[in-house]
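*Asks:* Quick note: numbering that gives the first Met the number 0 has the sequence shown finishing at residue 189, numbered continuously throughout.
We treat Cβ as the ideally placed atom computed from N, Cα and C, and that holds for glycine.
Sharing a structure, written as structure tokens. Questions coming.
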Amino acid sequence: MQLEVVEIIEQVGVTCIMVTHDQEEAMTMADRVAIMSDGWIEQVGSPVDIYESPASRMVAEFVGTVNMFEGEIAMDAADHCRIDSPVLERPVFIDHGITTQADNLRVWAALRPEKIWLTRDKPEGDYNWEQGVVEDIAYLGGFSLYYIRTHLGQLIKVSMANTKRRGDRPTWEDAVYVYWEDHSPIVLNR
0 MQLEVVEIIE QVGVTCIMVT HDQEEAMTMA DRVAIMSDGW IEQVGSPVDI
50 YESPASRMVA EFVGTVNMFE GEIAMDAADH CRIDSPVLER PVFIDHGITT
100 QADNLRVWAA LRPEKIWLTR DKPEGDYNWE QGVVEDIAYL GGFSLYYIRT
150 HLGQLIKVSM ANTKRRGDRP TWEDAVYVYW EDHSPIVLNR
């Protein structure tokens, strides 16, 4: 029905403002979304902009599920940056520089669960991976949500598509590794 309403609005050629607390409805029906908090607009953009490039922790946490790693910028060059986090054993490396104020190096690296992979094999390299244990699994039909507890106690959520009917997947208490690509983390400073 949501898509039918959008089609009718487009056919009539009018602008429509909808107010909703249903994130799925907003992301499905809107060309532009405005996220509000405490009576103020936090961010305005397309559903893709809001989800993939949130302007703040509030927006990132409000829209969808996200893993947040508080840390400090240890290196910020034109083509990469590195964030050291006390809750991760390895640094978060990002394949582009970021714009920060020199006196405010405290940031959050945000990672969506679908941008993280799960494996039993140790990843190569010195960054963007962690070792942990499968603490819980939510089987949701089309995908499963894994909750991985790292050695430092951080809980990392990983979403995996269930592309095979029955496959050799990690299960409760299995030792696993989580890893992500250099362009996947989002850096948030507020």
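Would you report the Cα separation of D94 and A108, rounded to the nearest angstrom?
*Replies:* As a first step, residue 94 must be located in the sequence shown, where it is residue number 95. As a first step, residue 108 must be located in the sequence shown, where it is residue number 109. Going from the Cα of D94 to the Cα of A108 covers about 13 Å.
*Asks:* Since I82 contacts I115 with CB under 8 Å, what's their CB separation in whole angstroms?
*Replies:* Position 83 of the sequence shown, counted from the first residue, corresponds to residue 82. Position 116 of the sequence shown, counted from the first residue, corresponds to residue 115. Not quite, the Cβ-Cβ distance comes to about 16 Å (not below 8 Å), so this is no contact.
*Asks:* Which same chain residues end up closer than 6 Å to A33 when comparing Cβ atoms and leaving out the 5 residues on each side of it in sequence?
*Replies:* Within the sequence shown, numbered from 1, the residue matching residue 33 stands at position 34. Hits under 6 Å: I40 and V43.
*Asks:* What are the start and end residues of the beta strand (DSSP E) that includes Y50?
*Replies:* As a position in the sequence shown, residue 50 is number 51, starting the count at 1. Here Y50 belongs to no beta strand (DSSP E); instead the alpha helix (DSSP H) covers P46 to E51.
*Asks:* Return helix, strand or coil for T149, following the three-state DSSP convention.
*Replies:* In the sequence shown, the residue the question calls residue 149 occupies position 150. Of the three classes helix, strand and coil, the one that applies to T149 here is strand, per DSSP.
*Asks:* What first and last residue would you give for the alpha helix (DSSP H) that runs through E6?
*Replies:* As a first step, residue 6 is located in the sequence shown; it is residue number 7 there, counting from the start. Element bounds for E6: Q1 to V11.
*Asks:* Is the region 85–93 in contact with the region 119–129, if contact means three or more CB pairs nearer than 8 Å?
*Replies:* yes
*Asks:* Using CA coordinates, which residue listed in E71, R168, E3 and T14 is at the minimum distance from N188?
*Replies:* As a position in the sequence shown, residue 188 is number 189, starting the count at 1. Measuring from the Cα of N188, the nearest candidate turns out to be E71.
*Asks:* Out of A174, A29 and E23, state which residue places its alpha-carbon closest to the alpha-carbon of T14.
*Replies:* Position 15 of the sequence shown holds residue 14. Of the candidates A174, A29 and E23, the one whose C-alpha sits nearest the C-alpha of T14 is A29.
*Asks:* Contact check, Y145 vs V132 under 8 Å by CB: the rounded distance?
*Replies:* Mapped onto the sequence shown, residue 145 falls at position 146. Mapped onto the sequence shown, residue 132 falls at position 133. Not confirmed; about 11 Å, so no contact.
*Asks:* Buried or exposed: N66, going by 16 or more other Cβ atoms within 10 Å of its Cβ?
*Replies:* Translated into the one-based positions of the sequence shown, residue 66 becomes position 67. Per the 10 Å Cβ criterion, buried.
*Asks:* For the candidate residues R31, E60 and S36, whose alpha-carbon lies nearest to that of P46?
*Replies:* Here the question's residue 46 lines up with position 47 in the sequence shown. For the residues R31, E60 and S36, the minimum Cα distance to P46 belongs to R31.
*Asks:* Using 10 angstroms around the beta-carbon of S36, count the other beta-carbons present and answer buried if the total reaches 16, otherwise exposed.
*Replies:* As a working mapping, residue 36 is identified with position 37 in the sequence shown. S36 should be labelled exposed.
*Asks:* Check for me: the alpha helix (DSSP H) holding T27 runs from which residue to which?
*Replies:* Counting from 1 along the sequence shown, the entry for residue 27 is found at position 28. Where T27 is concerned, the enclosing alpha helix (DSSP H) stretches over Q22 to M28.
*Asks:* For M35, which residues does DSSP report across the bridge?
*Replies:* Locating residue 35 in the sequence shown gives position 36, where the first residue counts as 1. Looking at the DSSP assignment, M35 forms a beta bridge with I40.
*Asks:* Determine the direct distance from the alpha carbon of A174 to that of D181, and round the result to whole angstroms.
*Replies:* For the purposes of this step, residue 181 is taken as residue 182 along the sequence shown, with counting starting at 1. For the purposes of this step, residue 174 is taken as residue 175 along the sequence shown, with counting starting at 1. Looking at the two C-alpha atoms, the distance is approximately 23 Å.
*Asks:* Could you pull out every unbroken beta strand (DSSP E) segment of at least 3 residues lying fully inside the region 142–187, listed in chain order?
*Replies:* 142–149, 154–160, 174–179 and 185–187
*Asks:* Run through DSSP, which three-state label would R111 get?
*Replies:* Residue numbering aside, residue 111 sits at position 112 when the sequence shown is read from its first letter. Note: R111 maps to coil in three-state DSSP.
*Asks:* Can you check DSSP and say which residues form a bridge with V133?
*Replies:* One-based indexing of the sequence shown puts residue 133 at position 134. Paired residue(s): I147.
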